[in-house]
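A.B. asks:
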């Protein structure tokens, strides 16, 4: 297992610079007064493909040799990683193969196709997905880019917090959502090198708190199909992200479904930005742990902006909502 | 009738600078490709009180003598002007009286109160509003700040396009929504002085097209209670705004309700920003008049971000929607 270094982050930053935005950092007087902290929101919802994942995906795509690249890239994901990989592959002019369950929402399929991805459908089961994915790889020779358990991806995600510390002086802490742990691992990788005094908090839905339980147990615990409105955060840690989480994270804080939805709505209402439920988990945890963050300068990673505008979560009751 | 000069805009800018944001200008590769133009969105939805109207309101409030200011300011509005005036008065520490119909939505009343405004309710009729407003003024001596037909307000709004031409070089045109004409008048005032080659287009809902009809007729035409989703744009021109519109506007373009809603949804979906329906009218008119704007560098004023997140217009059919 190759563990990426900070030099990999520097190299990634240079490599992806033409294809990704240096996203802005926004502040809100209202949210500062509400939390008692100084919050600095790193707005990856304004990123290409509206997701931080385009950083890691671009690093993987543009790091390939011409020979490798010609065979394309492949992944199985129906979320922001698929969009991001399709975007990056499109910029390099190479194929991007995405294996998705035939039952995935048409909107998600359309989004991947909109970025130029080629979808191969599988049955909605792990065995079918693995079988179909193996076929696609065998037929195309495409390079598999895992959504997070890949050193190229983690080094790419690390460029986000590298920018954040360039943009905001004197941060005391950074809070970012945790699902599989790609963003948090990149954050750990960068901050442990360039700003080792900054505390790193991961924020997770209570209903998908496998990372928090792993953190306390000292080994990876994976849940089977957790249900949460923060649908980007359902996947488990893997060995590479576990390395960074277990070594560098200060704590993993959790929030309920209703707290996540409330924080999301509050951000839309007061900051006037569109972001997805996963991005609201950090603010939700800050609001319920004011004692930790009061008086501190806190970076908050808004990870993405891909949300179904026809079905916003404050307009329906969640299955397990309070 | 005092007609404000560009020196008034410069003075306003100096006066209000501590209380308002120099808002960012955003771009969208997707919308550029869709329209064939280069669009530069001036994001007043990120402004204090989430509305450009805080510029004019702040100029009025902070331009008062201490003696005048002590008696407060007053207006009758249930929209962004009331919020903005309450915000500005709050920053100066003086009272802001707002006369609103008792039938106005509680959310709008709460918003004004949230910014520190004092509401006096009237019956939902023009005669009651005028009577109650006269009483409030007589009792308090508060200074009346009209939402748009006031030289202080127009000079304040002019600071927006002054910033825009500082932020974007070589603009060919600016498109801004038109209701009473305060933003457009400020735009005319600034651009005719500092960038006289820039064409100024006003954008108006078809269903509240009194300004477009006035423009063609050569005199003010006022409609009685037009119905449009762009609820900030229902009010008629007045003599001061008519002066600027009739002298400096290149054309007034209109869009249907469905075109406005589609443009609003498109902006949310692709730019990841929350803005109100009125702010979508410019993009709607650009999309249906691509021949006018193709190949041009076009400033687009996003006027505000105050919208009911529980009831977004693409989720219901408008009364007169297509």
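Chains as they are written, first to last, in the numbering used here: chain A, 206 to 527; chain B, 206 to 527.
Here a beta-carbon is modelled for each residue, glycine too, at the ideal position from N, C-alpha and C.
Among A/517, A/499, A/507 and A/290, which has the Cα closest to the Cα of residue 238 of chain A?
C.D. replies: Position 33 of the first chain, counting from 1, holds the residue named residue 238 of chain A. Checked all of A/517, A/499, A/507 and A/290; the closest Cα to residue 238 of chain A is A/499.
A.B. asks: Ignoring anything shorter than 4 residues or poking outside the segment 458-501 of chain A, list the alpha helix (DSSP H) runs there in chain order.
C.D. replies: Listed in chain order, they are 462-476, 482-493 and 495-498.
A.B. asks: Which residues in chain B have a C-beta closer than 7 Å to the C-beta of residue 510 of chain A? List them in chain order.
C.D. replies: Looking up residue 510 of chain A in the first chain gives position 305. Within 7 Å Cβ-Cβ: 477.
A.B. asks: Give a yes or no on whether the minimum CB-CB distance between residue 254 of chain B and chain A is below 7 Å.
C.D. replies: Taking the second chain and counting its residues from 1, the one referred to as residue 254 of chain B is at position 49. Taking Cβ atoms only, chain A never reaches closer than 7 Å to residue 254 of chain B, which makes this a no.
A.B. asks: What does DSSP give as the partner residue(s) for residue 379 of chain B in the beta ladder?
C.D. replies: Locating residue 379 of chain B in the second chain gives position 174, counting from the first residue. Partner(s): B/405 and B/504.
A.B. asks: Within the 7 Å Cβ cut-off, does residue 514 of chain A reach chain B?
C.D. replies: As a first step, residue 514 of chain A must be located in the first chain, where it is residue number 309. Chain B contact via Cβ: present.
A.B. asks: Are the C-beta of residue 285 of chain A and some C-beta of chain B separated by less than 7 Å?
C.D. replies: If you number the first chain from 1, residue 285 of chain A lands on position 80. With 7 Å as the cut-off, residue 285 of chain A does not count as an interface residue toward chain B.
A.B. asks: If you follow the beta strand (DSSP E) that residue 306 of chain B is in, where does it begin and where does it stop?
C.D. replies: As a first step, residue 306 of chain B must be located in the second chain, where it is residue number 101. First-last of the beta strand (DSSP E) with residue 306 of chain B: 301-306.
A.B. asks: Kindly indicate if chain A contains any beta-carbon less than 7 Å away from that of residue 250 of chain B.
C.D. replies: Start at 1 with the first residue of the second chain, and residue 250 of chain B comes out as number 45. Chain A, which has a Cβ nearer than 7 Å to the Cβ of residue 250 of chain B, makes this yes.
A.B. asks: Is the Cβ of residue 474 of chain A closer than 7 Å to any Cβ of chain B?
C.D. replies: Your numbering for residue 474 of chain A matches position 269 in the first chain. For residue 474 of chain A, the answer is yes, since a Cβ of chain B falls inside 7 Å of its Cβ.
A.B. asks: Under the assumption that residue 390 of chain A contacts residue 450 of chain A (Cβ atoms under 8 Å), give the Cβ distance between them as a whole number of angstroms.
C.D. replies: By one-based count along the first chain, residue 390 of chain A stands at place 185. By one-based count along the first chain, residue 450 of chain A stands at place 245. Confirmed, about 7 Å.
A.B. asks: Under the three-state reduction of DSSP, which class applies to residue 411 of chain A: helix, strand or coil?
C.D. replies: The residue you call residue 411 of chain A lines up with position 206 of the first chain. Reduced to three states, the DSSP call for residue 411 of chain A is helix.
A.B. asks: Counting beta carbon pairs with one atom in the segment 213-221 of chain A and one in the segment 259-269 of chain A, are three or more of them shorter than 8 Å?
C.D. replies: Cβ pair count under 8 Å is three or more, so yes.
A.B. asks: Considering only C-alpha positions, which residue in the set B/373, B/413 and B/284 is nearest to residue 229 of chain B?
C.D. replies: Position 24 of the second chain, counted from the first residue, corresponds to residue 229 of chain B. The residue with the shortest Cα to Cα distance from residue 229 of chain B is B/373.
A.B. asks: Quick check on DSSP: helix, strand or coil for residue 269 of chain B?
C.D. replies: As a working mapping, residue 269 of chain B is identified with position 64 in the second chain. Residue 269 of chain B: coil per DSSP, three-state reduction.
A.B. asks: Please classify residue 226 of chain B: does DSSP put it in a helix, a strand, or coil?
C.D. replies: The residue given as residue 226 of chain B occupies position 21 in the second chain. It is coil, neither helix nor strand.
A.B. asks: So, helix, strand or coil for residue 331 of chain A, using DSSP?
C.D. replies: By 1-based counting over the first chain, the position of residue 331 of chain A is 126. Here residue 331 of chain A sits in helix by DSSP.
A.B. asks: Tell me, which residues are paired with residue 325 of chain B by DSSP?
C.D. replies: By 1-based counting over the second chain, the position of residue 325 of chain B is 120. Paired residue(s): B/304.
A.B. asks: Got a sec, what are the start and stop residues for the beta strand (DSSP E) residue 246 of chain B sits in?
C.D. replies: Indexing the second chain from 1 puts residue 246 of chain B at position 41. First-last of the beta strand (DSSP E) with residue 246 of chain B: 243-248.
A.B. asks: Going by Cα to Cα distance, which pick from B/368, B/314, B/370 and B/305 is closest to residue 338 of chain B?
C.D. replies: The residue given as residue 338 of chain B occupies position 133 in the second chain. Comparing Cα positions, the closest option is B/305.
A.B. asks: Tell me the rounded alpha-carbon separation between residue 303 of chain B and residue 330 of chain B.
C.D. replies: Locating residue 303 of chain B in the second chain gives position 98, where the first residue counts as 1. Locating residue 330 of chain B in the second chain gives position 125, where the first residue counts as 1. If I take the Cα positions, the gap works out to 15 Å.
A.B. asks: Can you name the start and end residues of the alpha helix (DSSP H) that residue 280 of chain B belongs to?
C.D. replies: In the second chain, counting from the first residue as 1, residue 280 of chain B sits at position 75. Where residue 280 of chain B is concerned, there is no enclosing alpha helix (DSSP H), although the beta strand (DSSP E) it sits in stretches over 278-281.
A.B. asks: What does residue 470 of chain B reach in chain A if we use C-beta pairs closer than 8 Å?
C.D. replies: Position 265 of the second chain, counted from the first residue, corresponds to residue 470 of chain B. In chain order: 514.
A.B. asks: How many Å lie between residue 442 of chain B and residue 477 of chain A at the Cα?
C.D. replies: Numbered from its first residue, the second chain carries residue 442 of chain B at position 237. Numbered from its first residue, the first chain carries residue 477 of chain A at position 272. C-alpha separation (whole angstroms): 29 Å.
A.B. asks: Using the beta-carbon of each residue, which ones in chain B are nearer than 8 Å to residue 229 of chain A?
C.D. replies: Your numbering for residue 229 of chain A matches position 24 in the first chain. Under the 8 Å cutoff, chain B gives 229.
A.B. asks: Between the alpha carbons of residue 316 of chain A and residue 244 of chain B, how many angstroms are there, rounded?
C.D. replies: What you label residue 316 of chain A is simply residue 111 of the first chain in a count that begins at 1. What you label residue 244 of chain B is simply residue 39 of the second chain in a count that begins at 1. Their Cα atoms are separated by approximately 23 Å.
A.B. asks: Helix, strand or coil: how does DSSP classify residue 514 of chain B here?
C.D. replies: Taking the second chain and counting its residues from 1, one reaches residue 514 of chain B at position 309. Reduced to three states, the DSSP call for residue 514 of chain B is coil.
A.B. asks: If residue 289 of chain B and residue 256 of chain B are in contact, beta carbons under 8 Å, what's the gap, nearest whole angstrom?
C.D. replies: Working through the second chain from its first residue, we reach residue 289 of chain B at position 84. Working through the second chain from its first residue, we reach residue 256 of chain B at position 51. That belief holds up - the Cβ atoms of residue 289 of chain B and residue 256 of chain B are roughly 5 Å apart, short of 8 Å.
A.B. asks: DSSP three-state label for residue 216 of chain B, please.
C.D. replies: In the second chain, residue 216 of chain B corresponds to position 11, counting from 1. It is helical.
A.B. asks: Would you mind listing the alpha helix (DSSP H) stretches within the segment 334-392 of chain B that are 4+ residues and don't spill past its ends, in chain order?
C.D. replies: Segments of the alpha helix (DSSP H) lying fully in the segment 334-392 of chain B: 356-372.
A.B. asks: Give me whichever residues DSSP pairs with residue 509 of chain B in a beta bridge.
C.D. replies: For the purposes of this step, residue 509 of chain B is taken as residue 304 along the second chain, with counting starting at 1. Beta-bridge pairing links residue 509 of chain B to B/256.
A.B. asks: Using C-beta distances below 7 Å, list every residue in its chain close to residue 250 of chain A, excluding the 5 sequence neighbours before and after it, in chain order.
C.D. replies: Within the first chain, the letter at position 45 stands for residue 250 of chain A. Same-chain partners within the cutoff: 478, 479, 480, 484, 507, 509 and 510.
A.B. asks: If distances are taken between C-alpha atoms only, which option among B/472, B/371, B/411 and B/519 comes closest to residue 400 of chain B?
C.D. replies: Taking the first residue of the second chain as position 1, residue 400 of chain B is located at position 195. That would be B/371, whose Cα lies nearest to the Cα of residue 400 of chain B.
A.B. asks: Going straight from the alpha carbon of residue 368 of chain B to that of residue 412 of chain A, what length do you get?
C.D. replies: Along the second chain, read from residue 1 onward, the residue named residue 368 of chain B stands at position 163. Along the first chain, read from residue 1 onward, the residue named residue 412 of chain A stands at position 207. Distance between the alpha carbons of residue 368 of chain B and residue 412 of chain A: 46 Å.
A.B. asks: Thinking C-alpha only, which one of B/454, B/404, B/464 and B/384 is nearest residue 426 of chain B?
C.D. replies: On the second chain, residue 426 of chain B is found 221 positions in, with the first residue counted as 1. Looking at the Cα atoms, B/384 is the closest of the given residues.
A.B. asks: According to DSSP, what are the bridge partners of residue 231 of chain B?
C.D. replies: Taking the second chain and counting its residues from 1, the one referred to as residue 231 of chain B is at position 26. Beta-bridge pairing links residue 231 of chain B to B/246.
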